[in-house]
Every structure is written in C-alpha cells, then in structure tokens.
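Following: one structure in structure tokens, then a few remarks.
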Amino acid sequence: MKQLTFKLIIPLTVISFAAFTKWWYTLPVDAPGTMFRGFPLAYSCPGWHTSLSLQIFLTEFTIDLLTYFLFWFVLIFCINRYLTKVKTFKLVTIALWTISGLTISFGTLMASNEDNLFYIKGPFDMKVLETGYEFIWQNTERPDYYKYFPKDK
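Numbering follows this note's numbering, with no gaps: position 46 of the sequence shown is 47.
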C-alpha cells in the first residue's frame, strides 16, 4: 500500500484537489460579497486590499487536502483489497507525477505573490448565500447580490 500511496494516491489527490472544488458566494462581516473556494471547507478567497491577491486559510486548506487524500486512499484501498489488485504502470505513474508537479508548481507560483494574506483560520464570520461545484475549466459567474437583498437596489 505504501507504493500505491506514493505512485497513485498522492498524485490523484493533488490533481483532484486542483481540478474539482466547491464555490461559496458569501457575505463576510464588514466586507463585500465574495466568492470563496474549497471543499469541504472554504480555504481561499480574493484579497480585499489589492487586486490579484488571495486570502488563504491554512487550517481549512489542510482539512480539505486531507479530505481529498482520505477519499483516494479509501477508494484505492477498497479496490486493491476487495476487487482486484491495483497495478501501476510506469508510464501512468510518470504522467500522474508530471501533472501533479505542474499543478504544485503553478499553485506555488500563485501562493508566492507577496500581496497574499495567510491566516491560520478564517478571521471573520460570513453568511453563505449560495454554493455550487465546479471544475477548474468552468467559469462560475458571481451570483447577483440584489437577488438576496432587493431592498438595496
């Protein structure tokens, strides 16, 4: 199982973590309506102090990453134990690690922006207005604020 973890589960965790997520349209306290990202917890959102910055919440990020890892671990473990032995081919392992490496590199590049804010835990309360799921290639439109607060129009 150690080899499967290294050859299959870790790369699948990284790829699925980057490719599939949940979006949250929220109204944080004393802030504008914001789109958060993360599944099962919201771990990032745009920064409010400057454009192209992010606010990243490390506790939520870690919980999300462990959730994805646990999902793939249980799935591969059950298949390997109860259905059929999982064999990893060298070409598949190389392809998965290449995609994972590129994903980690891009994520590191995005996180290294000096304007990003890192918090141990999200420092504010928020009211969740709408949620949904998306793949990385989908463009999610921000929901209309006035749909939830028509009196402000």
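Think of the CB as a built atom: it goes at the ideal place given N, C-alpha and C, for glycine as much as any other residue.
Proximity to residue i [Cα-Cα], best of the options
i    : options             : result
T85  : T63, L110, L76, L92 : L76
K148 : T60, S54, G34       : G34
L59  : P124, F107, L103    : P124
I121 : Q139, T63, S101     : T63
F17  : V93, E61, S101, L92 : Per the sequence shown, the amino acid found at residue 17 is Ser instead of Phe. Cα-wise, what sits closest to S17 is S101.
Endpoints, beta strand (DSSP E) assigned at residue i
i    : result
L55  : 55-58
Y1   : The question about residue 1 has no answer here: the residues shown for the chain are numbered 2 through 154.
S113 : Neither: S113 is in no beta strand (DSSP E) and is coded neither H nor E.
M36  : 35-38
Cutoff 6 angstroms; reference residue i; Cβ partners in own chain excluding five residues on either side
i    : result
P144 : Y26, E131
S45  : R38, L55, I57
Nearest-angstrom Cα separation, counted from residue j out to residue i
i    : j    : result
A19  : A32  : 27 angstroms
F70  : T51  : 33 angstroms
K128 : V15  : 29 angstroms
K3   : K23  : 30 angstroms
I57  : Y83  : 39 angstroms
K88  : D126 : 46 angstroms
I10  : F78  : 10 angstroms
F7   : L97  : 11 angstroms
P12  : P41  : 19 angstroms
W73  : K152 : 46 angstroms
I95  : L5   : 13 angstroms
W49  : T109 : 21 angstroms
T104 : A112 : 12 angstroms
D65  : A43  : 8 angstroms
T68  : M36  : 21 angstroms
Cβ neighbours of residue i in the same chain (closer than 8 angstroms, five flanking residues each side left out)
i    : result
L53  : N114, D116
T141 : W24, M36, G133, E135
N-terminal and C-terminal residue of the alpha helix (DSSP H) that residue i is part of
i    : result
P12  : 11-20
K148 : 146-149
Contact set for residue i: own chain, Cβ-Cβ below 7 angstroms, skip 5 residues either direction
i    : result
L136 : The residue asked about is misnamed: residue 136 is Phe in this sequence, not Leu. Answer for F136: A20, F21, listed in chain order.
F119 : I57, L59
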